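Residue numbers (the working numbering): 14 to 385.
Quick reminder that beta carbons are idealized off the backbone N, C-alpha and C, glycines included.
Source: prediction; values computed, not measured.
Contents: one structure, followed by commentary.
Dropping the structure here:
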């Protein structure tokens, strides 16, 4: 795919605080790319940099091969849909969508044709004469998207546009946005802090933390092969355990030696092991590689979410098996359930589910400390 945007060594600070720290990112034609991370990670600043609403302190923004650091937003072939849709309340649906075309003084017949095409695209045919203030949140969002797309920008920026919607409508709109992106062929750059949203919609996910890009990859790669403990914890639930890579395909953690699928580490290298809760099999204790005591069981509808104390470390397991609190169980891990990560600054910060335990009140200590 052809590169249409390149961010080269972009840095940005506000009031002496570094928001973006020398980030590099390539964005391709016809790509649905999501910038994902917690509040304050720099994702919205990155989006605003691409749109021209912020300027980098260092580095270059390249669009279609040209440096556009000083190009104002209205002269970039890039449009933005904000979380607050910024519709004109005094104009009806038709006129809101037609506004960019009227600014260009296009003929009335052409405006009518293009607006009707957009109304059809966002499934609002028949809504042309409605007041935008009478529309639901999802309908208002569709109007904002239609208005942003009517000039056929090369890139559409979406800054948490689903944040104000209820859960069901949000899921519906995730699918609609993906369909719209595929049917138009326009590159969508989407900002969210919602991991499920990113996994379900994106071709490419860019995981950010503390002004740095932690990992870039497909949803499957990001989920199955996180590069460090931050990514593993932020994308879904993960048990993250200290381990030692004994040799290729062989790792020791939790007092047991396991076979795995990973290679390329030094002998006896300290590493982090990530195991997704759904990849743990519950077996009778005598058949288990590890054994533990169930401390919590939560019914989640499709599965049970259980917390198991294994030698003082609280594991999360998602299972359709029925288990009881205080039950002694074994767990079994297939080699492909074990993922090895390099140690990082995030090692030791995530992965123990003590805070999910029924014993939380016993763990709390004065001053907010908890026992390990």
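{"Query": "Closer than 7 angstroms by C-beta to residue 21: which residues in its own chain qualify, once you throw out the five before and the five after it? Chain order, please.", "Result": "37, 72, 73 and 75"}
{"Query": "DSSP has residue 80 in a bridge; who is on the other side?", "Result": "75"}
{"Query": "Enumerated in chain order, which unbroken segments of the beta strand (DSSP E) with a length of 3 residues or greater are wholly contained in the stretch 187-222?", "Result": "200-205 and 217-222"}
{"Query": "Below 8 angstroms CB to CB, which residues in the same chain sit around residue 259 once its five sequence neighbours on both sides are set aside?", "Result": "265, 270, 280 and 281"}
{"Query": "Less than 6 angstroms between C-beta atoms, sequence neighbours within five positions excluded: which residues of the same chain meet that for residue 138?", "Result": "132"}
{"Query": "Alpha carbon to alpha carbon, what distance is there between residue 170 and residue 234?", "Result": "24 angstroms"}
{"Query": "Compute the Euclidean distance between the alpha carbons of residue 298 and residue 159, then round it to the nearest angstrom.", "Result": "58 angstroms"}
{"Query": "What is the C-beta distance between residue 34 and residue 224, in whole angstroms, given that I count them as a contact (C-beta under 8 angstroms)?", "Result": "4 angstroms"}
{"Query": "Can you grab the Cα-Cα spacing for the pair residue 186 / residue 300, in whole Å?", "Result": "46 angstroms"}
{"Query": "Would residue 257 and residue 284 qualify as a contact pair, given that the criterion is a beta-carbon distance under 8 angstroms?", "Result": "yes"}
{"Query": "Of all the options 117, 208 and 15, which has the alpha carbon lying nearest to the alpha carbon of residue 245?", "Result": "208"}
{"Query": "Spatial neighbours of residue 164 within its chain, please: C-beta separation below 6 angstroms, excluding the five flanking residues on both sides.", "Result": "113"}
{"Query": "Can you give the beta carbon distance from residue 166 to residue 96, rounded, assuming they're within the 8 angstroms contact cut?", "Result": "Residue 166 to residue 96, Cβ: 19 angstroms. No contact."}
{"Query": "Rounded to whole angstroms, what is the Cα-Cα separation between residue 373 and residue 316?", "Result": "Confidence in residue 373 is poor, its pLDDT being 43 and thus under 50, which makes the residue's placement unreliable; the coordinate value appears in the next sentence. Using only the alpha carbons, I get a separation of about 23 angstroms."}
{"Query": "Under a Cβ-count criterion, where at least 16 other Cβ atoms within 10 Å of its own Cβ denotes burial, should residue 79 be classed as buried or exposed?", "Result": "exposed"}
{"Query": "Measuring alpha carbon to alpha carbon, tell me which residue in 340, 59 and 362 is nearest residue 205.", "Result": "59"}
{"Query": "So for residue 236, helix, strand or coil by DSSP?", "Result": "helix"}
{"Query": "If you check the beta carbons only, do residue 150 and residue 190 fall under 8 angstroms apart?", "Result": "no"}
{"Query": "Taking the DSSP output, what are the residues bridged to residue 130?", "Result": "Paired residues: none, contrary to the question."}
{"Query": "Select from 47, 29 and 28 the residue whose C-alpha is nearest the C-alpha of residue 200.", "Result": "47"}
{"Query": "Can you look up residue 41 in the DSSP assignment and give me helix, strand or coil?", "Result": "strand"}
{"Query": "Looking at the strands, I want to know which residues DSSP matches up with residue 258.", "Result": "264 and 282"}
{"Query": "Can you list, in chain order, the residues of its chain whose CB lies under 8 angstroms from that of residue 363, leaving out five sequence neighbours each side?", "Result": "242, 243, 245, 246, 251 and 253"}
{"Query": "Expressed to the nearest angstrom, what Euclidean distance is found between the alpha-carbon atoms of residue 105 and residue 275?", "Result": "58 angstroms"}
{"Query": "Determine the burial state of residue 211: buried for a count of at least 16 other Cβ atoms within 10 Å of its Cβ, exposed for fewer.", "Result": "buried"}
{"Query": "What are the boundary residues of the beta strand (DSSP E) that includes residue 317?", "Result": "317-323"}
{"Query": "By alpha-carbon positions, which one of 120, 109 and 126 ends up nearest to residue 154?", "Result": "109"}
{"Query": "On the CB-based measure, 16 or more other CB atoms within 10 Å of its CB, does residue 18 come out buried or exposed?", "Result": "buried"}
{"Query": "List in chain order: all unbroken beta strand (DSSP E) runs of 3+ residues lying wholly within the stretch 325-353.", "Result": "326-332 and 341-345"}
{"Query": "Rounded to whole angstroms, what is the Cα-Cα separation between residue 126 and residue 119?", "Result": "11 angstroms"}
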